[in-house]
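In this note's numbering, the protein residues as written are 7 to 217. Report on one structure; see the data block that follows.
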């Protein structure tokens with residue numbers, strides 16, 4: 007078994023790609039050193055995240071479901087993942103459902119960032135501004151972000167990192183969303199990617215040394 011020096015990362019996106027930008031910036035600064043982003047996959051051909059990836063010299067791909075089946079949609083993604091020898095899949099604002107068949111194929115190899123402190127305001131139907139609106143409606147004084155492994159339960163995988171953000175009396179869903187991204191998501195997502203990549207590299211190299 008070949009020794010692994012860095013883990014290959016695929017980032018899956020649907021929109022502007024601010025979390026992708028945080029990961030790419032961490033790689034550039036050496037914060038992310040155990041992995042490298044080598045593929046960005048979007049289910050939206052007009053996602054600005056694709057342009058961010060191209061500017062960084064990262065290979066891109068678009069996989070749109072259209073009128074095809076879920077199996078066809080995921081099959082195309084699996085082909086890309088395997089062709090590029092991807093070790094870690096990062097969901098960074100990827101607004102498409104992935105089946106249990108897909109997630110179970112990559113145990114502890116898919117991570118996601120969610121804009122709340124799980125188990126609060128998470129699960130089916132909680133995404134984007136809905137999460138922050140729910141937090142404000144409930145009246146909590148602290149929210150934040152969570153990075154977790156992905157399994158068959160929406161936002162139900164093992165937690166990797168969390169970071170809290172205080173809610174201000176003047177907050178709207180929009181201002182809270184921006185502050186949670188800046189103070190929490192953009193910090194713990196790159197740190198979590200590095201942590202998981204380091205574990206992957208360490209585990210692979212341990213097997214290499216034992217073989």
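Just so you know, even glycine gets a beta-carbon here, dropped at the ideal spot from N, CA and C. In this text, all values refer to a predicted model and were calculated from it rather than measured experimentally.
Review point. Is the region 98-107 touching the region 18-32, taking contact as three or more C-beta pairs under 8 Å?
Key: yes
Review point. Three or more beta-carbon pairs under 8 Å between the region 149-161 and the region 187-203, yes or no?
Key: yes
**Study point:** For residue 54, the residue or residues it bridges with in DSSP
**Key:** As a working note, residue 54 is residue 48 in the chain shown. According to DSSP, which records beta bridges pairwise, residue 54 is partnered with nothing at all.
Check your understanding: Should residue 58 go down as buried or exposed, given a rule of 16 or more other Cβ atoms within 10 Å for buried?
Key -> Working through the chain shown from its first residue, we reach residue 58 at position 52. Classification for residue 58: buried.
**Study point:** Reduced DSSP secondary structure (H/G/I, E/B, other) of residue 215
**Key:** As a first step, residue 215 must be located in the chain shown, where it is residue number 209. Note: residue 215 maps to helix in three-state DSSP.
Point to revise | Pick from 106, 198 and 42 that is closest to residue 76, judged by C-alpha positions | key: Residue 76 sits at position 70 when you count from the first residue of the chain shown. Minimum Cα distance to residue 76 is reached at 106.
Check your understanding: Relative to the alpha-carbon of residue 26, which residue among 13, 45, 91 and 161 has its alpha-carbon at the smallest distance?
Key -> Within the chain shown, the letter at position 20 stands for residue 26. Residue 45 is the option with its Cα nearest to residue 26.
**Study point:** Residues sharing a beta bridge with residue 155, DSSP
**Key:** Start at 1 with the first residue of the chain shown, and residue 155 comes out as number 149. Its beta-bridge partners are 117.
Exercise for review: Let me know if residue 161 comes out buried or exposed under the rule of 16 or more other beta-carbons within 10 Å of its beta-carbon.
Suggested key: On the chain shown, position 155 is the one that residue 161 refers to. So residue 161 counts as buried.
Check your understanding: Do residue 40 and residue 207 come within 7 Å of each other at the CB atom, strictly closer than that value?
Key -> What you label residue 207 is simply residue 201 of the chain shown in a count that begins at 1. What you label residue 40 is simply residue 34 of the chain shown in a count that begins at 1. Yes, they are a contact pair.
Practice item. Just tell me which of 127, 154 and 136 has its CA closest to the CA of residue 115. Key: Numbered from its first residue, the chain shown carries residue 115 at position 109. Comparing Cα positions, the closest option is 154.
Exercise for review: Note down the Cα distance separating residue 51 from residue 62, rounded to an integer number of angstroms.
Suggested key: Along the chain shown, one-based indexing puts residue 51 at 45. Along the chain shown, one-based indexing puts residue 62 at 56. C-alpha separation (whole angstroms): 18 Å.
Practice item. Determine, using beta carbons only, whether residue 167 and residue 124 come nearer to each other than 7 Å. Key: Mapped onto the chain shown, residue 167 falls at position 161. Mapped onto the chain shown, residue 124 falls at position 118. Their beta carbons are not under 7 Å apart, which means residue 167 does not touch residue 124 by this criterion.
Review point. Pick from 145, 128 and 171: whose alpha carbon is nearest that of residue 163?
Key: The residue given as residue 163 occupies position 157 in the chain shown. The shortest C-alpha separation from residue 163 is found at 128.
Review point. According to DSSP, is residue 35 helix, strand or coil?
Key: The residue you call residue 35 lines up with position 29 of the chain shown. Residue 35 falls in the helix class under three-state DSSP.
Review point. Cα separation between residue 138 and residue 196?
Key: As a first step, residue 138 must be located in the chain shown, where it is residue number 132. As a first step, residue 196 must be located in the chain shown, where it is residue number 190. Distance between the alpha carbons of residue 138 and residue 196 is about 22 Å.
Review point. What alpha helix (DSSP H) runs, 4 residues minimum, are completely inside the region 132-217?
Key: 135-144, 179-186 and 192-216
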